[in-house]
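Numbering (my numbering), first residue to last: 745 to 861. Note that beta-carbon positions come from the ideal geometry of N, C-alpha and C, so glycine has one too.
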């Protein structure tokens, strides 16, 4: 007789940043698909994308991003932990570096490396 094995999966979010990515010189269609205004945002040359858990921390990192450089807030979701910022490549990079530094050193989060395309 064959026994069946039952697997229970659950998400246990840690305190971590799982994605910190810079998109340099994105095509204007990407701005549109993200719900950003390409006429305004296209003057910027980069998009920064981050995911964080717990998700409510997205509010804190949005504040850090805007205070640390001249980025514009494209999207923040306190339910999924997503953050999108736009600006020049150097502004977006400075914002992401400030976020990673604060969350790692002050909040004790595990952070990932910055990736780029």
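- Looking only at its own chain, which residues have a Cβ that is under 7 Å from the Cβ of residue 812, when we skip the five neighbours before and after it? 838, 839 and 842
- Assign residue 780 to buried or exposed, taking buried as 16 or more other Cβ atoms, counted over all protein chains shown, within 10 Å of its Cβ. buried
- Task: Please classify residue 821: does DSSP put it in a helix, a strand, or coil?
- Result: Three-state result, residue 821: strand.
- Output the distance between the C-alpha atoms of residue 819 and residue 749, rounded to the nearest integer angstrom. Approximately 42 Å between the Cα atoms of the pair.
- Cα separation between residue 835 and residue 751? 45 Å
- Query: On the three-state DSSP scale, how would you describe residue 833?
  - Reply: helix
- Item | Start and end residues, alpha helix (DSSP H) containing residue 801 | 801-812
- Item | Sequence-distant residues of its chain with Cβ nearer than 6 Å to residue 759 (five each side left out) | 853
- Task: With DSSP as the reference, label residue 828 as helix, strand or coil.
- Result: It is a strand residue.
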